[in-house]
Each structure stands twice: as C-alpha cells, then as structure tokens.
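> One structure coming up, written as structure tokens, with questions to follow.
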Amino acid sequence: MTQAEIVVALIVNVEGRFLFQKRHALNPVMPNLWELPGGKKESDETSLEGVKREVLEELGISGLDWEPILPSLEPQQGEGRFLGLYRTRFEGTFITSLSWGWFTAAEALRLQLPDLTRELISDLLPGT
11 MTQAEIVVAL IVNVEGRFLF QKRHALNPVM PNLWELPGGK KESDETSLEG
61 VKREVLEELG ISGLDWEPIL PSLEPQQGEG RFLGLYRTRF EGTFITSLSW
111 GWFTAAEALR LQLPDLTREL ISDLLPGT
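Using our numbering, you'd call the opening residue of the sequence shown number 11 and step up by one each time.
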C-alpha cells in the first residue's frame, strides 16, 4: 500500500506563533489531535500547489508567499510521507469549521499531537 504524500503549512502570525487546528472528535483519522494545516497532495499537483489548495480549502485564504522547508522525517506506522513543508506569514482572518489556536512551539508541544507532527515541531520550530 502506497503512503499518502502529505503537504503541511507552517502559518506564522506577527507574534511568531503558529496556527494549529484540532481534528473533530468524530473524525475516524486521528480524532481530537491538533495538527498543522495541510493534507494529501493530489497526483496532478506540485507540493506547493497542494499546500496552497489545502490552505484555501481549510482556511479560505490564498495569495500568500510560501517559503519551502525540507524536513528529513521518516513516516511513522500508519502515517503519510511528508512531501512538502512550507512556511508563510499571515495577519488577518480566516474561515474554518475546526477548533484552532495560535501557539508557540513550546505551547504546541503540550498539545495532543500526532507523533510525526511532534517530531516536526521539535526539529524545525524555534524555541524547542
């Protein structure tokens, strides 16, 4: 079985905090866990196109400047493969049906996170 190719967005506000969303309790995949915006890349799109689409779908925002960040993370059992990680700065409003919050890296590490997201934060975000 092929693992999903995952694209992830690090969205940073003016205070240097990162946007996380909490998955719904009834979601069959990782319920109640906090995660960075993103998702599966479509087969016909680049990783940058994928992260832009995911952020538009999840948050209703577009037109952001994205900086690629290349992690060296191996997938955990049952998790997808990180294909692309992109960072952007954002100030404004967005639309989401999920619970969300802005967190420092240290605060985020106290949340219930998927293992790979925890590793990503520990490896890539300042202040950990």
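All residues carry an ideal CB built from backbone N, CA and C; glycine is no exception.
#1: Could you check the C-alpha separation between V22 and T56 for me, to the nearest Å?
#2: Which residues share a DSSP beta bridge with W44?
#3: Which residue from D54, P38, L36 and K32 puts its Cα closest to that of G48?
#4: Reducing DSSP to helix, strand and coil, say where S132 ends up.
#5: Suppose you measure from the CA of D75 to the CA of W112; what does that come to, to the nearest Å?
#6: Alpha carbons only, please: which of L126, S107, L130 and I131 is nearest the one belonging to A35?
#7: Return yes when the Cβ of V17 is within less than 9 Å of the Cβ of E64, no when it is not.
#8: Output the distance between the C-alpha atoms of P85 and L126, rounded to the nearest integer angstrom.
#9: For Q122 and L130, I'd like the C-alpha separation in whole angstroms.
#10: Kindly say whether T127, judged by its beta-carbon, lies nearer than 9 Å to any beta-carbon of chain B.
#11: Of the choices G60, G26 and F104, whose alpha-carbon is the least far from that of A14?
#12: Excluding the 5 residues flanking P124 on each side, which residues of the same chain have their C-beta closer than 7 Å to its C-beta?
#13: Starting from L123 and walking both ways along the beta strand (DSSP E), at which residues does that stretch end?
Taking the definition as stated:
#1: Here residue 22 refers to the residue found at position 12 when the sequence shown is read from its first residue. Here residue 56 refers to the residue found at position 46 when the sequence shown is read from its first residue. Approximately 22 Å, taken between the alpha carbons.
#2: Within the sequence shown, numbered from 1, the residue matching residue 44 stands at position 34. Answer by DSSP bridge pairing, in chain order: K32.
#3: Taking the sequence shown and counting its residues from 1, one reaches residue 48 at position 38. If we check each option's Cα against that of G48, K32 comes out closest.
#4: Taking the first residue of the sequence shown as position 1, residue 132 is located at position 122. S132 falls in the helix class under three-state DSSP.
#5: On the sequence shown, residue 75 is found 65 positions in, with the first residue counted as 1. On the sequence shown, residue 112 is found 102 positions in, with the first residue counted as 1. Those two C-alpha atoms are separated by around 19 Å.
#6: Here residue 35 refers to the residue found at position 25 when the sequence shown is read from its first residue. Per the Cα distances, S107.
#7: In the sequence shown, residue 64 corresponds to position 54, counting from 1. In the sequence shown, residue 17 corresponds to position 7, counting from 1. Taking 9 Å as the Cβ cut-off, E64 and V17 qualify as a contacting pair.
#8: Residue numbering aside, residue 85 sits at position 75 when the sequence shown is read from its first letter. Residue numbering aside, residue 126 sits at position 116 when the sequence shown is read from its first letter. Its pLDDT being 49, under 50, P85 is placed unreliably by the model, and the measurement read from it follows with that caveat. Going from the Cα of P85 to the Cα of L126 covers about 7 Å.
#9: The residue you call residue 122 lines up with position 112 of the sequence shown. The residue you call residue 130 lines up with position 120 of the sequence shown. Between Q122 and L130, the C-alpha separation is close to 14 Å.
#10: Structure shown: chain B not included; a single protein chain is present.
#11: Position 4 of the sequence shown holds residue 14. Comparing Cα-Cα distances from A14 to each of G60, G26 and F104, the minimum goes to G60.
#12: The residue labelled residue 124 in the question sits at position 114 within the sequence shown. Here the set comprises M40, L43, E45 and E89.
#13: Locating residue 123 in the sequence shown gives position 113, where the first residue counts as 1. L123 -> no beta strand (DSSP E), and no H or E assigned at all.
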